[in-house]
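Just so you know, the sequence shown maps onto residues 408 to 547 in this note's numbering. Just so you know, even glycine gets a beta-carbon here, dropped at the ideal spot from N, CA and C. Single-structure report; data block below.
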Amino acid sequence: MIRCLKALNIPFIMPAIRRGKQGGINQFLQGRKSYQTTYTMKKSLDDYVTFDLWIIVKYRKGKRNKYGLEYLVYVVYKADVSLNYIQTDYRKRFGIESSYRIKNICRIKTTNKKPIIRLLLLGISFLLVNIWVNLLGAKS
């Protein structure tokens with residue numbers, strides 16, 4: 408994905424996936440200050456991609472009953488944001504991703520090929536979800 412976006416010269420910010428306990432991206436999760444570095448991900452000798460890795464360090468301050476440092480790692484390419492603002496900028500996507508997830512959960516399934524009918528059913532499903540959310544919010 409990173410290679411394709413770079414080839415198309417599209418600016419992007421995406422969270423880096425951290426797997427395993429050692430090596431890989433986890434080797435950069437140290438220190439108390441946010442910083443930038445470059446990382447090369449290799450699949451084989453001929454198959455690799457190099458990208459900018461931005462490591463954001465935050466203090467948890469008891470949020471979700473956790474304390475200490477929290478490391479947020481992002482892959483960034485030609486994005487016009489500062490190191491201090493990147494986490495705030497990426498959090499804006501949360502609403503977009505949540506709405507897609509809700510759309511797939513509440514979608515009325517149909518085999519109808521007419522786009523007008525499908526759009527109407529999608530609108531009805533979103534309306535029902537919003538009514539349900541408002542009813543749950545009114546109880547608490």
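- Residue nearest to threonine 447 within the set Leu534, Arg439, Gln434, Lys470 is Gln434 (criterion: CA-CA distance).
- Counted as a single uninterrupted DSSP element, the alpha helix (DSSP H) harbouring lysine 413 occupies residues 409-414.
- Going by beta carbons, isoleucine 417 and tyrosine 481 fall outside the 7 angstroms limit.
- Residue pairing of phenylalanine 458 in beta bridges, as defined by DSSP: Tyr446.
- Its Cα nearest to that of arginine 467, the residue Leu479 stands out among Leu479, Arg410, Arg426.
- The criterion of a C-beta distance shorter than 7 angstroms is not satisfied by threonine 445 and aspartate 454.
- In the structure shown, isoleucine 523 falls within a helical segment according to DSSP collapsed to helix, strand and coil.
- Your pair leucine 490 and tryptophan 461 checks out as a contact, with CB atoms roughly 6 angstroms apart and the cut at 8 angstroms.
- Within the same chain, Ile515, Thr517 come within 7 angstroms of leucine 528 by CB-CB distance, once the 5 residues on both sides are set aside.
- Per DSSP, proline 422 is one residue of the beta strand (DSSP E) stretching across 419-422.
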